[in-house]
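The structure appears right after this line, and notes come after that.
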Amino acid sequence: MKICVLVKEVPDAAVEKRIDPSTGRLDRSGERNLNPYDTHAIEAAMQIREGGSDVEEIVAVTMGPESAVRALHKAVSLGADRSVHLSDDSLAGSDVAATGYALAKTLQRESPDLVLLGQQSDDGECYTIGAVVADHLQMPSLTQVIKLDVEDGAKLRCERQAEYGYDTVSVEMPAVISVGDAINEPRYPSLKAIMGAKKKPLDAVAAGDVGIESDHVGEAGSQVQCGDFKPPPEKAGGEIIEDEDTDETVEKIVAWLDERKLL
Amino acid sequence: MVGRVSTAAAPAALSLIPSQEETLLREAVSGICRQFGREYMQQKRDSGGPPSELWEALASRGYMGVNIPEEYDGGGLGMAALSAVGEEIAAAGCALLLIVVSPAIVGSILVRHGTPEQKERWLRGIGAGTTKVAFAITEADAGTNSHNLATSLRRDDGRFLLNGQKTFISGVEDADAVCVVARTRTSDGGLGLPSLAIVDVDAPGFTRQQIPMAVRGADKQWTLFFDDVELEEERLVGGENGGLGVVFDGLNPERIMGASISTGIGRLALERGAAYARERRVWGQPIGAHQGVAHPLAEAKIELELARLMTQKAAALYDAGAPGAGEAANMAKYAAAEAGIHCVDRAIQAHGGNGFALEYGLSDLWWGVRVARTAPVSREMVLNYVAEHSLGLPKSY
Ligand SMILES: Cc1cc2nc3c(=O)[nH]c(=O)nc-3n(C[C@H](O)[C@H](O)[C@H](O)COP(=O)(O)OP(=O)(O)OC[C@H]3O[C@@H](n4cnc5c(N)ncnc54)[C@H](O)[C@@H]3O)c2cc1C
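Chains A and R, in that order, are what the protein sequence lines are. The first sequence begins at 10 in our numbering and counts up by one. The second sequence begins at 5 in our numbering and counts up by one.
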């Protein structure tokens, strides 16, 4: 079995997110890191391999600027065997649909049996790339999967988080599965894995190499128009009830809840 | 200023931009330590057990011997990397004093002076993090004056007998052996040059007593007693009368690690201090808006970053075998101890009464960082060193 894991470089979680007023887009400058949700996808791939399934290769795939190589290094230090970096000036400004198309074209060249990805990216938080990729690849797709078992080498039995409880779904491979962070606890890499990361093959490809049609990607190929984004309004401060006389305090709290029909 | 001519073949490269590998190493060490966290350390301290699970979690992934050559199962990355590991452990609120002693002091000495057999027997385990060796030089009656060391090694029938006492020795409870600085008895009954002997913790004639300490860490300090402890000659590192030179090859790494732990604690305290000053409101605005609160924290941040830079320089010079490593290691240890102490002190001050409440995790840090002004080498002895060696002033003692 060959598993491809989609990964993305995102602003580090410690950096506060903001809209860049000059572009109206998310400010992605500053420290970056591998999208934390993707580390769960890599771990899921590792656990499939360690669980006894015959996994020939785990390949980390990203689309992003030059700096995204760092996310790929981290991905291979966490266990992927090699990586593919799709990078091309023509891709800049791609929206979710265009990005999904470009990734699907890149994946086609690899013909994976299973595509794993994190359910959302820490910056865009669209939750949709998996579905777009699956549509292009004509594969079944599941989202928010928090348990995953391989059955008979050709099927997957997945539990996905639903609004109330869990759905248990069986899918035929090849499939595209996006995982939630409850699926596993990603391992920390060993020093050896970190130092060996740069020695693992990294395949850099341009849009033309994987047959991406230029009018399907980039700003021109994207449907989303970035409009007049504004930072969210400041929240009004809460109401603090000082506890001077407990009976009175309880009354005040009950009245407050009552007013909002919460009781 | 005393002039120095560089004799080093390899230039000491100090990269000011962390490599991807360093970033990942720091992230991994920090993440592993945070899985254990403060509660784990507290529980270990209260129960009296060594923090073995944390050590094991780091060692099994190769982080406790990053400085040891790869041929001895280490990471081959020198003191620069061990310094990063030590700093991240401390910044995550954990403390493993044996990292200062086992890989940094004893490991560095064995790399330079161990025989192939000694390297096989001790260094391989230190590289893998599976063997821990404590280090004992301090004696109650000698103090800082290592010329007055009185622990002795006497030749007896092809072997050596070790006698004497050591004090304030860290981590013996969790170590396999102790590397002891002792002097050989000369034929006229006097004491010769120092030698270094590796003594198993369970060797007959070797006993110890715990010293109750203020430092709130999981590691303990001990007074060691050696009463005719028998040692084979192969236990002497650097040979009989190896001299202080052998010992000093472990002390610069020790200072670099002392500095790294101080900057790690400083980072943690400042992070907490700044977070609190951003949130806490007393006069309708965050207390961090008052310059009386903000400036001391900002000053501490500057001191901290300068100390980190000097620590990195010391590690780079040491790893390259370049001249100036001793001076830089002393300066780094001094600067980092002072910066760390200021960071904790100012974070406590910014916390008001909460600075003393155990819940806020600052008062815990106090003795651990304050000790850095005294050990492994005191502030005064660093100033003596700099006055004499860097400024050419007369020796003061
Ligand atoms: C928590 C802790 C852990 C330790 N772990 C270890 C360990 O693992 N192994 C080990 O061998 N030791 C260890 N030590 C011992 C430590 O290295 C010594 O305490 C330290 O070097 C100071 O020595 P001393 O206590 O004998 O002080 P003293 O030498 O008695 O000095 C007392 C004071 O006088 C000052 N002074 C002395 N001489 C001069 C001078 N010429 N000029 C100016 N001032 C001077 C000193 O700076 C100091 O302030 C540890 C100590 C502590 C507190």
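Glycine is no exception: its CB is placed at the ideal position from the N, C-alpha and C atoms.
Identity of the residues DSSP links to R/Gly168 by a beta bridge: If you number the second sequence from 1, residue 168 of chain R lands on position 164. For R/Gly168, which the question treats as bridged, DSSP gives the partners R/Phe230.
In the DSSP assignment, what are the bridge partners of A/Tyr136? As a working mapping, residue 136 of chain A is identified with position 127 in the first sequence. Bridge partners of A/Tyr136: none, in fact.
Beta-carbon proximity list for R/Tyr389, same chain, < 6 Å, skipping 5 on both sides: Start at 1 with the first residue of the second sequence, and residue 389 of chain R comes out as number 385. Excluding positions up to five away in sequence, the list reads Asn334.
Distance, Cα to Cα, R/Arg8 vs R/Ser394? Sequence index remark: in the second sequence, residue 8 of chain R carries index 4 (1-based). Sequence index remark: in the second sequence, residue 394 of chain R carries index 390 (1-based). Here R/Arg8 scores only 41 on pLDDT, less than 50, and its place in the model should not be relied on; the value that follows carries that caveat. When the Cα atoms are used, R/Arg8 and R/Ser394 turn out to be separated by approximately 10 Å.
Measure from the C-beta of A/Tyr197 to each C-beta in chain R and report whether the shortest distance is under 9 Å. Locating residue 197 of chain A in the first sequence gives position 188, where the first residue counts as 1. Closer than 9 Å to some Cβ of chain R, the Cβ of A/Tyr197 qualifies, so yes.
Does DSSP put A/Leu151 in a helix, in a strand, or in coil? Your numbering for residue 151 of chain A matches position 142 in the first sequence. Here A/Leu151 sits in strand by DSSP.
Quick one: give me the first and last residue of the beta strand (DSSP E) that R/Gln214 is part of. Mapped onto the second sequence, residue 214 of chain R falls at position 210. Taken as a continuous stretch (DSSP letters only), the beta strand (DSSP E) holding R/Gln214 covers Phe210 to Ile215.
What is the DSSP secondary structure of A/Thr258, reduced to helix, strand or coil? The sequence position of residue 258 of chain A within the first sequence is 249, counting from 1. Three-state result, A/Thr258: helix.
So, R/Asn167 versus R/Phe230, is the Cβ gap smaller than 9 Å? Position 163 of the second sequence, counting from 1, holds the residue named residue 167 of chain R. Position 226 of the second sequence, counting from 1, holds the residue named residue 230 of chain R. Yes, the Cβ-Cβ distance between R/Asn167 and R/Phe230 is below 9 Å.
List the endpoints of the continuous beta strand (DSSP E) containing A/Ala113. Locating residue 113 of chain A in the first sequence gives position 104, where the first residue counts as 1. Taken as a continuous stretch (DSSP letters only), A/Ala113 belongs to no beta strand (DSSP E), being part of the alpha helix (DSSP H) at Val105 to Glu119.
Our contact map puts R/Ser156 next to R/Leu100 with C-beta atoms below 8 Å; I'd like the distance itself, whole angstroms only. Numbered from 1 along the second sequence, position 152 holds the residue referred to as residue 156 of chain R. Numbered from 1 along the second sequence, position 96 holds the residue referred to as residue 100 of chain R. Contact between R/Ser156 and R/Leu100 fails: their C-beta atoms lie close to 32 Å from each other, not under 8 Å.
Within the continuous beta strand (DSSP E) that includes A/Lys164, where are the two ends? Here residue 164 of chain A is taken as the residue at index 155 of the first sequence, counted from 1. Per DSSP, the unbroken beta strand (DSSP E) holding A/Lys164 starts and ends at Lys164 to Gln170.
CB contact flag (R/Ile260, R/Leu387, <9 Å): Here residue 260 of chain R corresponds to residue number 256 of the second sequence, with the count starting at 1. Here residue 387 of chain R corresponds to residue number 383 of the second sequence, with the count starting at 1. In terms of Cβ geometry, R/Ile260 and R/Leu387 do not form a close pair [threshold 9 Å].
For the candidate residues R/Ser266, R/Gly330, R/Ser64 and R/Pro73, whose alpha-carbon lies nearest to that of R/Gly344? Residue numbering aside, residue 344 of chain R sits at position 340 when the second sequence is read from its first letter. Taking each of R/Ser266, R/Gly330, R/Ser64 and R/Pro73 in turn and checking the Cα distance to R/Gly344, the smallest one comes out for R/Ser266.
Backbone secondary structure at R/Pro120 - three-state DSSP: Mapped onto the second sequence, residue 120 of chain R falls at position 116. In this structure, R/Pro120 counts as helix in the three-state DSSP scheme.
List the whole-angstrom C-beta distance separating R/His117 from R/Val250, where the pair is believed to meet the contact cut-off of C-beta under 8 Å. For the purposes of this step, residue 117 of chain R is identified with residue 113 of the second sequence, where counting begins at 1. For the purposes of this step, residue 250 of chain R is identified with residue 246 of the second sequence, where counting begins at 1. For a cut-off of 8 Å, the C-beta gap from R/His117 to R/Val250 is around 5 Å, short enough to register as a contact.
Reducing DSSP to helix, strand and coil, say where A/Ile51 ends up. On the first sequence, position 42 is the one that residue 51 of chain A refers to. Looking at A/Ile51 - three-state DSSP - the assignment turns out to be helix.
I think A/Val68 touches A/Val93, with their Cβ atoms under 8 Å apart; what is that distance to the nearest whole Å? The sequence position of residue 68 of chain A within the first sequence is 59, counting from 1. The sequence position of residue 93 of chain A within the first sequence is 84, counting from 1. For A/Val68 against A/Val93, the beta-carbon gap comes to about 6 Å, under 8 Å, which counts as contact.
Buried versus exposed, by CB contacts within 10 Å (16 or more), R/Arg65: Position 61 of the second sequence, counting from 1, holds the residue named residue 65 of chain R. Looking at its Cβ environment, which holds 16 or more other Cβ atoms inside 10 Å, R/Arg65 is buried.
Using a cut-off of 9 Å between C-beta atoms, extract the partners of A/His82 located in chain R. For the purposes of this step, residue 82 of chain A is identified with residue 73 of the first sequence, where counting begins at 1. Think of a sphere of 9 Å around the beta carbon of A/His82: the chain R residues whose beta carbon falls inside it are Gln24, Glu25 and Leu28, in chain order.
Closer than 8 Å: is that where the CB of R/Thr2 sits relative to any heavy atom of ligand 1? The shown model of chain R, from 5 to 401, leaves out residue 2 of chain R, and the question about it has no answer.
Taking the Cβ atom as the reference point for each residue, do R/Ala186 and R/Ser199 lie within a distance shorter than 9 Å? Position 182 of the second sequence, counted from the start, is the residue given in the question as residue 186 of chain R. Position 195 of the second sequence, counted from the start, is the residue given in the question as residue 199 of chain R. Yes, the pair counts as a contact, with Cβ atoms nearer than the cut-off.
DSSP bridge partner residues for R/Ser199 (one or two, in chain order): Reading the second sequence from its first residue, position 195 is the one you call residue 199 of chain R. Per DSSP, R/Ala186.
Chain A beta carbons: is any one of them nearer than 9 Å to that of R/Val70? Locating residue 70 of chain R in the second sequence gives position 66, counting from the first residue. With 9 Å as the cut-off, R/Val70 counts as an interface residue toward chain A.
With the cut-off set at 9 Å, would you say R/Ala154 and R/Gly254 are in Cβ contact? The residue you call residue 154 of chain R lines up with position 150 of the second sequence. The residue you call residue 254 of chain R lines up with position 250 of the second sequence. Taking 9 Å as the Cβ cut-off, R/Ala154 and R/Gly254 do not qualify as a contacting pair.
Per-residue DSSP class, three states only, for R/Thr135: Against the second sequence, residue 135 of chain R aligns to sequence position 131. Coil at R/Thr135, not helix or strand.
Contact between the region 215–230 of chain A and the region 114–129 of chain A (3+ Cβ pairs under 8 Å): Cβ pair count under 8 Å is three or more, so yes.
I need the DSSP call for R/Tyr322, collapsed to helix, strand or coil. Sequence index remark: in the second sequence, residue 322 of chain R carries index 318 (1-based). Here R/Tyr322 carries a helix assignment [DSSP, helix/strand/coil].
If you run the structure through DSSP and keep just helix, strand and coil, what is R/Tyr44? Taking the second sequence and counting its residues from 1, one reaches residue 44 of chain R at position 40. Residue state, collapsed to three classes: helix.
Would you say A/Ser86 reaches chain R, if we count a Cβ-Cβ gap shorter than 9 Å as a contact? For the purposes of this step, residue 86 of chain A is identified with residue 77 of the first sequence, where counting begins at 1. Interface annotation, A/Ser86: in contact with chain R, CB-CB separation under 9 Å.
Alpha carbon to alpha carbon, how far is A/Gly205 from R/Val286? Give it in angstroms, no decimals. One-based indexing of the second sequence puts residue 286 of chain R at position 282. One-based indexing of the first sequence puts residue 205 of chain A at position 196. So the alpha carbons of these two residues sit roughly 52 Å apart.
Just reading off the beta strand (DSSP E) that A/His94 is part of, what are its end residues? Position 85 of the first sequence holds residue 94 of chain A. Note, A/His94: beta strand (DSSP E), Arg91 to Leu95.
Within a Cβ cutoff of 7 Å, which residues of the same chain sit near R/Thr190, ignoring the five residues on either side of it in sequence? For this step, residue 190 of chain R is matched to residue 186 along the second sequence. Excluding sequence neighbours, R/Thr190 sits near Gly196.
Cβ neighbours of A/Glu75 in the same chain (closer than 7 Å, five flanking residues each side left out): In the first sequence, the residue the question calls residue 75 of chain A occupies position 66. Within the same chain, A/Glu75 has close Cβ partners Ser96.
For R/Ile345, report the span of its alpha helix (DSSP H) as first-last. As a working note, residue 345 of chain R is residue 341 in the second sequence. For R/Ile345, the enclosing alpha helix (DSSP H) starts and ends at Ala329 to Ala354.
So, with DSSP's three-state summary, where would you put A/Lys207? Your numbering for residue 207 of chain A matches position 198 in the first sequence. Here A/Lys207 sits in helix by DSSP.
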